[in-house]
Structure formats: structure tokens, C-alpha cells
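Q:
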Amino acid sequence: MGFLDEHGGVFVESFELEKVLRSRSLFDYFSFYEAISELVSLGVLSPVRNSGFNGRNPPLYNKYRKRKPGLSAEDREFLDSLDPAIDTSRYRKKPDLLNRDRGFLELLDRFLKTSDRESLRVPSSINERSFEIFGDEKFLSSMDGHAFLQNVSISEDFLNVYHTPEPFFFSSNSAYSGRVFNVLVIENKDTFYTIKRCFFSNGWRLLGRDFSHLIYGEGKKIIKSFEFALEIGLTPDNCKVFYIGDLDPEGISIFESFRERFSDYDISPFVELYEELLNANFSRAPKLRRKQRVSDERVSRFLEDFPRDVSERIMELFDSERYLPQEGLNFEFFNRVTGNG
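Each residue of the sequence shown is one higher than the one before, starting from 1 at the first, in the numbering used here.
#1: Out of Val271, Gly217, Cys198 and Pro269, which one is the CA nearest neighbour of Phe333?
#2: Could you pull out every unbroken alpha helix (DSSP H) segment of at least 4 residues lying fully inside the stretch 106-192, listed in chain order?
#3: In the DSSP assignment, the beta strand (DSSP E) including Phe53 goes from what residue to what residue?
#4: Take the Cβ of Thr88 as the centre, count every other Cβ of all protein chains shown within 10 Å, and call the residue buried at 16 or more, exposed below.
#5: Can the beta-carbon of Glu113 be found closer than 7 Å to that of Asp75?
#6: Following the continuous beta strand (DSSP E) through Val10, name the residue where it begins and the one where it ends.
#7: Just how far apart, CA to CA, sit Glu304 and Phe158?
#8: Between the C-alpha atoms of Thr194 and Phe255, what's the straight-line distance to the nearest angstrom?
#9: Mind checking which residues open and close the alpha helix (DSSP H) that includes Leu277?
#10: Which of helix, strand or coil does DSSP assign to Thr88?
#11: Anyone know if the C-beta pair for Leu105 and Phe134 falls short of 7 Å?
#12: Can you tell me whether DSSP reads Val241 as helix, strand or coil?
#13: Taking Glu327 as the reference, which of Glu187, Pro47, Lys68 and Leu45 has the closest Cα?
#14: Determine the direct distance from the alpha carbon of Arg121 to that of Leu206, and round the result to whole angstroms.
#15: Could you compute how far the alpha carbon of Asn281 sits from the alpha carbon of Phe262?
#16: Tell me, please, which residues DSSP counts as bridged to Tyr64.
#17: Which term fits His346, buried or exposed, when burial requires 16 or more other beta carbons within 10 angstroms of its beta carbon?
#18: For a quick check, are the C-beta atoms of Leu214 and Lys196 less than 7 Å apart?
#19: Along the alpha helix (DSSP H) that carries Leu79, what are the first and last residues, could you check?
#20: Where does the unbroken beta strand (DSSP E) through Ile254 begin, and where does it stop?
#21: What separation, rounded to the nearest whole angstrom, lies between the Cα atoms of Arg65 and Asn54?
#22: Helix, strand or coil for Arg289 per DSSP?
#23: For Gly70, which of Lys93, Asn173, Phe169 and Lys63 has the nearest alpha-carbon?
#24: Check Thr235 in the structure and name its three-state DSSP category.
#25: Measure the C-alpha to C-alpha separation of Ser37 and Arg293 and round it to an integer number of angstroms.
#26: My guess is that Val271 and Phe306 are in contact by the Cβ rule of under 8 Å, so how many angstroms apart are they, rounded?
#27: Just to confirm before moving on: does the CB-CB distance between Leu278 and Arg313 stay below 7 Å?
Written out as C-alpha cells, the structure reads:
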């Protein structure tokens with residue numbers, strides 16, 4: 001009955017099986033009936049009872065469901081041999097999953113059964129631990145790695161791993177003496193370097209506000225990389241974060257994603273700087289180069305921080321499908337308004 005393996009789909013009709021047998025050998029219906037009956041008794045096939053009979057004697061159902069093969073004795077022996085920390089229940093229910101993950105199971109089992117397991121007492125980065133166990137530093141942090149850990153019911157806590165935040169570019173004001181750190185996050189590179197030059201030349205004061213840190217957000221990257229803030233001593237309790245980016249749907253989406261991701265921090269748009277961007281460039285705002293999407297909810301949340309007249313101008317900008325890049329404020333402007341300017 002090897003032709004069952006060649007037959008695609010979940011269901012197979014008895015006349016199809018008969019047709020295949022007739023083409024391959026001398027056909028005897030009674031032997032065919034006995035073969036189908038044996039496959040049913042072995043659980044390889046199960047009859048679809050509402051399909052009716054084939055009108056032959058002895059009768060067979062017109063349609064059968066192909067049942068997935070169970071674990072072989074060899075597979076059961078393999079699963080039984082694995083370290084007790086490895087949950088094998090999913091693989092016992094899904095043999096196909098076992099075929100896919102067998103190599104990973106062998107590597108994890110080998111690690112847990114040798115002296116290497118002692119290394120779990122010492123914390124390790126997730127990439128370091130991944131290479132230690134699987135010889136692939138990216139596996140545990142990949143989607144396949146996450147799925148594998150779920151399958152074996154092993155947590156990252158069990159593996160004693162920690163995640164390393166992606167660092168960001170930043171500058172800090174060594175002379176800052178405020179009780180609360182004022183942090184300025186800049187979405188784009190040019191504006192970051194322009195403000196950095198002016199801060200170092202004129203002092204870390206911008207539009208009447210003293211700043212302790214200047215961070216390059218690098219577009220969407222800040223949504224993940226701001227975790228690094230803790231590494232430089234910026235905590236939710238000791239800092240206030242001001243943000244400036246492009247005035248367009250994507251810029252608002254980045255900012256609101258950033259604010260939502262780090263909701264324990266006090267994060268707000270740098271309203272005065274956005275106002276300056278509008279005042280200097282509103283009449284010459286270019287058309288959006290491509291369609292951008294942002295939810296109405298996020299736009300409303302963003303505009304809550306602005307005076308009504310300013311929020312109305314921003315909405316007018318968006319309604320006309322125009323935008324303002326933060327580069328609309330250049331070195332000449334920042335050189336004039338930083339320090340005591």
C-alpha cells in the first residue's frame with residue numbers, strides 16, 4: 001500500500017486506490033478489500049461513513065481519511081531517552097514536529113547531560129548561550145528558536161540568559177547639575193549632529209531649556225534601542241525625555257510607538273521645537289513622496305501635547321498630504337537658539 005504515501009491530500013477514494021492497484025498488478029477485489037480492512041484496523045485509514053458504500057461485495061466505503069502515522073518504536077525510545085528537563089509531550093502528539101526538531105533536541109539533550117550544564121549557573125547573553133548549546137549564536141533569538149523553547153517547555157530563565165540592548169549614539173553634558181535629567185531624542189542624523197555641534201560650541205541650552213543628554217534615535221531603531229538608557233543611568237524616575245522628528249505620519253507613528261514601548265518614562269514631543277519647524281517652513285511644506293499611514297488614535301494622542309492653534313496647523317498639513325522634515329531647522333537656526341541665544 002505504498003501508493004498511499006504518494007497520494008496527496010487528507011482523503012482518498014476507494015475507486016482511486018482500486019485504479020492504482022489495477023495499473024500495477026493483477027487485481028483481485030477480495031484481496032483489495034482485505035488490504036483496506038487491515039489498514040483500517042491498523043489506524044492508517046478511517047472510513048468516512050457519510051460517503052456511502054461502493055456497491056461491491058463485500059462493500060467498502062467510497063471515501064477514507066488518511067490518518068497521520070504515529071510515533072515509531074524508535075522515535076518513542078529516542079524521546080524516552082531525553083533529559084527530564086525536556087518536555088516531549090508535543091512531539092509524541094506530532095511526529096512531524098519531531099522530525100523537524102530532532103537535531104535541536106539532540107544538541108540540547110547533550111548539553112544538559114554533560115558538565116556543560118553547570119554553565120547555567122552563570123548568566124549569559126542569549127546569543128552566547130545559543131552558540132554554547134546549538135553552535136548557532138542567532139538560533140535562540142530567532143522565531144524558530146522561540147518556537148523550539150515553547151515545544152520543549154524550557155524558559156529563558158531556565159537557560160539563565162539576558163538580552164543585550166542595542167546601544168544608541170549619544171552625547172552628555174558633564175556640567176549638567178539639574179535634579180532631573182532632560183534628555184533630547186533626535187530622529188534623524190543630520191539634526192542630531194547639528195544640535196551636537198551647537199551644544200558643544202554654545203552650551204547645552206535650547207529654547208530656554210537645559211539638557212543633560214542628546215540621543216540619536218535613528219528612526220524606528222529608538223523603539224528598541226532606548227533600553228540602553230538604563231546602561232547610562234537614565235531611569236524612569238530621574239529623567240524627562242523630549243523628542244523631535246519629522247512632521248509626517250511616519251514620524252508620529254515612530255514617536256507614539258516609542259512612547260508606548262517605554263510608557264514608564266516621561267516622554268513628550270518637544271513642542272516648542274515643532275512650533276519653530278512649523279513657523280519657519282509651513283508655507284513651503286512639500287508633498288508627501290509616498291503614501292504614509294498612521295492611526296487617527298495616534299495622531300490625536302500626539303496632538304494632545306500641543307496648543308490648539310498649533311495642532312490645527314499640523315492637521316492642516318496632514319490633510320493636504322504635506323510634511324515637514326526636521327531638517328527644515330538648520331545649523332543657522334540652532335546656532336542662534338542654543339546657549340544663551
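Think of the CB as a built atom: it goes at the ideal place given N, C-alpha and C, for glycine as much as any other residue.
A: In brief:
#1: Translated into positions along the sequence shown, residue 333 becomes position 333. Considering only alpha carbons, the answer is Cys198.
#2: DSSP runs (the alpha helix (DSSP H)) wholly in the stretch 106-192: 126-134, 143-152 and 156-159.
#3: Position 53 of the sequence shown holds residue 53. Premise fails: Phe53 is in no beta strand (DSSP E) and is neither H nor E.
#4: The residue given as residue 88 occupies position 88 in the sequence shown. The residue is buried, with at least 16 neighbouring Cβ atoms inside 10 Å.
#5: In the sequence shown, the residue the question calls residue 113 occupies position 113. In the sequence shown, the residue the question calls residue 75 occupies position 75. The question names Glu, but residue 113 in the sequence shown is Lys. Not in contact: Lys113 and Asp75 (Cβ atoms no closer than 7 Å).
#6: Counting from one through the sequence shown, the residue named residue 10 turns up at place 10. Premise fails: Val10 is in no beta strand (DSSP E) and is neither H nor E.
#7: Numbered from 1 along the sequence shown, position 304 holds the residue referred to as residue 304. Numbered from 1 along the sequence shown, position 158 holds the residue referred to as residue 158. Going by the C-alpha atoms only, they are around 44 Å apart.
#8: Mapped onto the sequence shown, residue 194 falls at position 194. Mapped onto the sequence shown, residue 255 falls at position 255. In this structure, the alpha-carbon of Thr194 lies about 21 Å from that of Phe255.
#9: Locating residue 277 in the sequence shown gives position 277, counting from the first residue. Looking at the DSSP string, the run of the alpha helix (DSSP H) that includes Leu277 is Val271 to Asn281.
#10: The residue given as residue 88 occupies position 88 in the sequence shown. Coil at Thr88, not helix or strand.
#11: Here residue 105 corresponds to residue number 105 of the sequence shown, with the count starting at 1. Here residue 134 corresponds to residue number 134 of the sequence shown, with the count starting at 1. No, these two residues do not count as a Cβ contact at 7 Å.
#12: Position 241 of the sequence shown, counted from the start, is the residue given in the question as residue 241. Note: Val241 maps to strand in three-state DSSP.
#13: Sequence index remark: in the sequence shown, residue 327 carries index 327 (1-based). For the residues Glu187, Pro47, Lys68 and Leu45, the minimum Cα distance to Glu327 belongs to Glu187.
#14: Numbered from 1 along the sequence shown, position 206 holds the residue referred to as residue 206. Numbered from 1 along the sequence shown, position 121 holds the residue referred to as residue 121. Their backbone Cα atoms lie some 49 Å apart in a straight line.
#15: Taking the first residue of the sequence shown as position 1, residue 281 is located at position 281. Taking the first residue of the sequence shown as position 1, residue 262 is located at position 262. Answer to the nearest angstrom: the Cα atoms are 31 Å apart.
#16: In the sequence shown, the residue the question calls residue 64 occupies position 64. In the DSSP output, where bridge partners are listed per residue, Tyr64 has Val12 and Pro47.
#17: Nothing in the structure corresponds to residue 346, since the chain is present only between 1 and 341.
#18: The sequence position of residue 214 within the sequence shown is 214, counting from 1. The sequence position of residue 196 within the sequence shown is 196, counting from 1. Yes, the pair counts as a contact, with Cβ atoms nearer than the cut-off.
#19: Working through the sequence shown from its first residue, we reach residue 79 at position 79. Where Leu79 is concerned, the enclosing alpha helix (DSSP H) starts and stops at Ala73 to Asp80.
#20: Indexing the sequence shown from 1 puts residue 254 at position 254. Here Ile254 belongs to no beta strand (DSSP E); instead the alpha helix (DSSP H) covers Pro249 to Arg261.
#21: Walking along the sequence shown from the start, residue 65 turns up at place 65. Walking along the sequence shown from the start, residue 54 turns up at place 54. Approximately 16 Å between the Cα atoms of the pair.
#22: Taking the sequence shown and counting its residues from 1, one reaches residue 289 at position 289. In this structure, Arg289 counts as coil in the three-state DSSP scheme.
#23: Reading the sequence shown from its first residue, position 70 is the one you call residue 70. Out of Lys93, Asn173, Phe169 and Lys63, Lys93 has the C-alpha closest to the C-alpha of Gly70.
#24: Counting from 1 along the sequence shown, the entry for residue 235 is found at position 235. Of the three classes helix, strand and coil, the one that applies to Thr235 here is coil, per DSSP.
#25: Looking up residue 37 in the sequence shown gives position 37. Looking up residue 293 in the sequence shown gives position 293. Distance between the alpha carbons of Ser37 and Arg293 is about 60 Å.
#26: Your numbering for residue 271 matches position 271 in the sequence shown. Your numbering for residue 306 matches position 306 in the sequence shown. Going by Cβ atoms, the distance from Val271 to Phe306 rounds to 6 Å, so yes, they are a contact pair.
#27: Counting from one through the sequence shown, the residue named residue 278 turns up at place 278. Counting from one through the sequence shown, the residue named residue 313 turns up at place 313. Their beta carbons are under 7 Å apart, which means Leu278 touches Arg313 by this criterion.
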